[in-house]
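Quick note: the sequence shown uses full-length UniProt numbering, first residue 1, plus one each step.
We treat Cβ as the ideally placed atom computed from N, Cα and C, and that holds for glycine.
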Amino acid sequence: MKPRSSLFDPRLLRATLLPSLCKLDPREQWKNPVMFTVWLGALVCTVLLFRSPGLFEFQLVLWLWFTVLFANFAEALAESRGKAQADSLRSIRVTTPARKLVDGKEVSAAANDLRPGDVVVCEVGDAIPADGEVIEGIASVDESAITGESAPVIRESGGDRSAVTGGTRVLSDRIVVRVTCEPGKSFLDRMIGLVEGSERQKTPNEKALGVLLIALTLIFLLVTFTLPPFAEYFVEQGMGDGMPGFASLVALLVCLIPTTIGGLVSAIGISGIDRLTRHNVLATSGRAVEAAGDIDVLLLDKTGTITLGNRQASAFVAAPGVSESDLAEAAQLASLADETPEGRSIVILAKQLHGIRGRALHEMEARFVPFTAETKMSGVDFNGRRIRKGAAEAVKLHVTQSGGAWPQEVQQEVDRIASQGGTPLVVCDEGRVLGTIHLKDIVKGGIRERFAKLREMGIRTVMITGDNPRTAAAIATEAGVDDFLASATPEDKMKRIKAEQAAGHLVAMTGDGTNDAPALAQADVGVAMNTGTQAAREAGNMVDLDSDPTKLIDIIEIGKQLLMTRGSLTTFSLANDVAKYFAILPALFVGIAASGGSGPLAALDVMHLHSPRSAILSAVIFNALIIVALIPLALRGVTCRPMDAASLLRRNLLIYGLGGILVPFPCIKLIDLALHALHLA
Numbered sequence: 001m002k003p004r005s006s007l008f009d010p011r012l013l014r015a016t017l018l019p020s021l022c023k024l025d026p027r028e029q030w031k032n033p034v035m036f037t038v039w040l041g042a043l044v045c046t047v048l049l050f051r052s053p054g055l056f057e058f059q060l061v062l063w064l065w066f067t068v069l070f071a072n073f074a075e076a077l078a079e080s081r082g083k084a085q086a087d088s089l090r091s092i093r094v095t096t097p098a099r100k101l102v103d104g105k106e107v108s109a110a111a112n113d114l115r116p117g118d119v120v121v122c123e124v125g126d127a128i129p130a131d132g133e134v135i136e137g138i139a140s141v142d143e144s145a146i147t148g149e150s151a152p153v154i155r156e157s158g159g160d161r162s163a164v165t166g167g168t169r170v171l172s173d174r175i176v177v178r179v180t181c182e183p184g185k186s187f188l189d190r191m192i193g194l195v196e197g198s199e200r201q202k203t204p205n206e207k208a209l210g211v212l213l214i215a216l217t218l219i220f221l222l223v224t225f226t227l228p229p230f231a232e233y234f235v236e237q238g239m240g241d242g243m244p245g246f247a248s249l250v251a252l253l254v255c256l257i258p259t260t261i262g263g264l265v266s267a268i269g270i271s272g273i274d275r276l277t278r279h280n281v282l283a284t285s286g287r288a289v290e291a292a293g294d295i296d297v298l299l300l301d302k303t304g305t306i307t308l309g310n311r312q313a314s315a316f317v318a319a320p321g322v323s324e325s326d327l328a329e330a331a332q333l334a335s336l337a338d339e340t341p342e343g344r345s346i347v348i349l350a351k352q353l354h355g356i357r358g359r360a361l362h363e364m365e366a367r368f369v370p371f372t373a374e375t376k377m378s379g380v381d382f383n384g385r386r387i388r389k390g391a392a393e394a395v396k397l398h399v400t401q402s403g404g405a406w407p408q409e410v411q412q413e414v415d416r417i418a419s420q421g422g423t424p425l426v427v428c429d430e431g432r433v434l435g436t437i438h439l440k441d442i443v444k445g446g447i448r449e450r451f452a453k454l455r456e457m458g459i460r461t462v463m464i465t466g467d468n469p470r471t472a473a474a475i476a477t478e479a480g481v482d483d484f485l486a487s488a489t490p491e492d493k494m495k496r497i498k499a500e501q502a503a504g505h506l507v508a509m510t511g512d513g514t515n516d517a518p519a520l521a522q523a524d525v526g527v528a529m530n531t532g533t534q535a536a537r538e539a540g541n542m543v544d545l546d547s548d549p550t551k552l553i554d555i556i557e558i559g560k561q562l563l564m565t566r567g568s569l570t571t572f573s574l575a576n577d578v579a580k581y582f583a584i585l586p587a588l589f590v591g592i593a594a595s596g597g598s599g600p601l602a603a604l605d606v607m608h609l610h611s612p613r614s615a616i617l618s619a620v621i622f623n624a625l626i627i628v629a630l631i632p633l634a635l636r637g638v639t640c641r642p643m644d645a646a647s648l649l650r651r652n653l654l655i656y657g658l659g660g661i662l663v664p665f666p667c668i669k670l671i672d673l674a675l676h677a678l679h680l681a
């Protein structure tokens with residue numbers, strides 16, 4: 001689904017050149033008022049150039065057009081990366097006929113003719129013709145064309161794994177699917193529209209920034225074109241050499257208005273969604289991505305998100321008179337043929353704690369007893385031994401029927417494990433109880449560190465679980481979450497979200513079931529799992545194609561990165577106007593500034609550039625080139641560091657504020673030296 005093209009892939013750059021030129025259309029430029037102002041200035045200067053040609057004027061016009069083109073290039077490059085993904089998605093659209101059920105009979109129908117409510121049959125090798133819900137059967141489905149994950153997934157009727165996506169392929173068995181989407185509005189169509197930018201709308205923050213940039217542009221427009229009367233006055237007073245030319249005034253305007261951020265703001269927004277899709281997450285809008293950056297409360301389900309989801313063996317507790325190694329050996333023997341995650345974890349724990357190695361099953365001449373719902377036990381018979389492991393009540397019945405005794409110490413251990421939310425498995429050898437295996441939810445490795453990182457970013461984490469409060473508290477402490485909600489029902493989730501929002505917080509959560517849909521819709525950022533129900537996918541404003549609940553943490557980091565990138569480059573853009581002010585203003589009023597000497601404005605001539613024309617041209621060239629230099633940062637994003645908002649503000653002001661002021665001075669001076677050496681100004 002996600003082509004891993006390099007930012008400077010030659011094919012991508014070639015595909016970007018023509019769109020960059022096409023964006024010179026005034027109908028396209030009008031969408032960005034700041035760059036439209038530069039476009040108008042370049043156009044007027046071009047017309048004046050034909051009336052009064054000159055080397056300085058020609059270079060100035062050339063670099064003004066380059067400024068517009070470089071801004072177009074940044075936006076077109078961001079769009080091209082999305083279009084490359086869209087092309088790969090288009091290639092998997094279903095064009096084969098669907099097997100539609102009409103009155104219980106199969107009829108052939110085109111995928112584009114299917115409507116919500118239609119029922120289709122899909123068997124081995126069939127492509128699923130449209131988005132829908134499995135209403136009958138169970139099958140393994142290949143979703144690699146969309147998710148990039150080669151492992152097939154299970155889709156079945158009922159439950160939370162019933163949603164299927166058009167364009168995926170059935171690998172086994174047979175399913176009956178009810179279509180849930182109109183033609184052209186499928187999940188795949190939405191993805192294509194979003195990644196190529198055709199459905200991207202400006203977010204509230206982006207609109208607010210746009211208003212600020214327009215206001216600054218209008219202010220500097222008024223300031224710039226009120227300068228000629230002042231210049232005329234100074235000439236009359238014998239303090240100047242004459243009014244600045246129109247081209248010089250345009251140069252001053254272009255350098256003072258926020259052209260850097262104006263040229264990159266659209267690319268920043270597009271690349272934010274692009275980074276999200278490269279993490280296999282579909283956002284329904286840029287607003288959702290921005291909201292993720294403002295999240296300060298994170299609700300996470302325990303099972304599968306904080307814990308591994310499959311209970312694993314964590315300890316062997318031997319019965320009186322039995323060594324732990326003997327218990328571990330018997331548990332391992334009873335689990336050799338057990339392919340469940342719990343069974344494999346018992347074998348691994350026996351090896352880790354007691355060095356008990358696996359054995360060749362054919363050499364043991366053993367008969368393995370599989371687990372059944374009736375016996376609630378499994379085990380192995382070999383060499384006259386009958387080893388069993390299973391639920392405490394089932395093993396107790398087996399032991400007493402075999403003439404054995406049930407130790408009180410074992411019952412106490414079973415009760416203790418159960419009270420902590422764990423699962424006790426008792427192991428016996430015929431009528432002799434050997435001890436207990438403690439199965440528990442295992443907290444995912446590194447999750448505590450990730451929560452600590454979120455805490456540094458000012459985000460509070462809340463674990464949601466159906467466990468009792470005692471068990472929930474133990475896991476919450478181990479995982480390092482800030483708070484937990486135990487014995488939670490869907491209604492409890494909704495109440496908690498509303499309470500957090502009423503307190504002024506922005507909330508994010510994940511879910512996959514129909515009962516999660518109300519909470520997903522209520523949350524500011526609701527991430528639905530792709531494996532979940534259609535109701536959950538429709539309710540959330542993001543869909544995780546990998547169905548990994550922990551990815552919510554990555555989503556928040558991407559959202560924060562988008563906001564940080566926009567804020568950092570805005571700070572840099574406004575700050576570097578200061579240096580251009582010191583370069584151009586003394587050049588425009590050289591008589592007053594008394595370049596190289598003394599005068600009322602001599603203090604402004606801090607760079608001592610070679611000539612007024614060189615100063616103006618150097619500032620305009622820097623203004624154009626800095627857009628190119630910042631394109632990689634705009635598309636990749638500013639590094640998101642775990643720190644609170646105040647520390648982050650101080651850091652950005654230091655790096656991008658102070659840096660924005662200092663960097664242009666040496667750069668403009670170097671350009672001035674190059675122009676002077678080449679006799680271009």
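Residues that residue i bridges to, as DSSP identifies them
i, result
"Glu133", "Ala163 and Arg178"
"Leu298", "Thr461 and Ala508"
"Phe484", "Met463"
"Arg388", "Gly379 and Cys428"
"Phe316", "Ile437"
9 angstroms Cβ cutoff met for residue i and residue j
i, j, result
"Leu300", "Met509", "yes"
"Ala130", "Ala111", "yes"
"Ser108", "Thr16", "no"
"residue 762", "Gly466", "This structure cannot settle anything about residue 762, because the visible part of the chain is limited to 1 through 681."
"Arg99", "Val121", "yes"
"Val153", "Val134", "no"
"Leu212", "Thr37", "no"
"Ile21", "Leu69", "What sits at residue 21 in the sequence shown is Leu, not Ile. In contact: Leu21 and Leu69 (Cβ atoms closer than 9 angstroms)."
"Arg641", "Arg651", "yes"
"Ile306", "Val525", "no"
"residue 683", "Glu57", "The requested residue 683 is not part of the displayed model; the chain covers only 1 to 681."
"Asp429", "Ile387", "yes"
"Trp63", "Val620", "yes"
Residue i - containing alpha helix (DSSP H), residue span
i, result
"Arg51", "Pro33 to Arg51"
"Lys100", "That residue, Lys100, is in no alpha helix (DSSP H); its beta strand (DSSP E) goes Ala98 to Val102."
"residue 683", "The chain is shown only over 1 to 681; residue 683 falls outside these bounds and no answer can be derived."
"Cys22", "Pro10 to Cys22"
"residue 686", "Since the first and last residues shown for the chain are 1 and 681, residue 686 lies out of range."
"Ala674", "Pro664 to Ala677"
Where the beta strand (DSSP E) containing residue i begins and where it ends
i, result
"Gly511", "Val507 to Gly511"
"Ile154", "Val153 to Glu156"
"Ser108", "Lys105 to Ala109"
"Val369", "Arg367 to Val369"
"Val527", "Val525 to Met529"
"Leu658", "First-last for Leu658: undefined, no H or E at that position."
Proximity winner among the options, relative to residue i (alpha-carbon distances)
i, options, result
"Arg636", "Ala681, Gly166, Leu625 and Thr565", "Thr565"
"Leu40", "Ala391, Leu24 and Phe50", "Leu24"
"Ala328", "Arg357, Phe622 and Leu12", "Arg357"
"Ala337", "Val507, Phe368, Lys351 and Ala208", "Phe368"
"Ala615", "Ala674, Ile558 and Leu633", "Ala674"
"Gln411", "His398, Thr400 and Val426", "Val426"
"Ser325", "Leu308, Phe246, Arg311 and Gln352", "Gln352"
"Val399", "Ile447, Glu365 and Leu434", "Leu434"
"Asp126", "Leu101, Thr168 and Ser157", "Thr168"
"Ser271", "Ala74, Arg537, Met494 and Lys498", "Ala74"
"Ala677", "Ala646, Ser618 and Gly659", "Ser618"
"Leu253", "Met35, Thr436, Asp113 and His438", "Met35"
"Lys580", "Ala418, Asp605 and Pro320", "Asp605"
Validate contact between the stretch 272–288 and the stretch 427–444 using beta carbons, cut 8 angstroms, 3 pairs: no
Between the stretch 404–411 and the stretch 253–270, are three or more C-beta pairs nearer than 8 angstroms? no
Stretch-stretch touch, CB-based, cutoff 8 angstroms, three pairs: the stretch 277–296 with the stretch 570–578: no
Counting beta carbon pairs with one atom in the stretch 254–264 and one in the stretch 452–472, are three or more of them shorter than 8 angstroms? no
If we count Cβ pairs, one from each stretch, closer than 8 angstroms, do we get three or more for the stretch 336–343 versus the stretch 446–462? no
Okay, do the stretch 545–558 and the stretch 169–187 touch, 3+ Cβ pairs below 8 angstroms being the bar? no
Flag this pair as touching only if the stretch 605–612 and the stretch 532–541 have three or more C-beta atom pairs under 8 angstroms; answer yes or no. no
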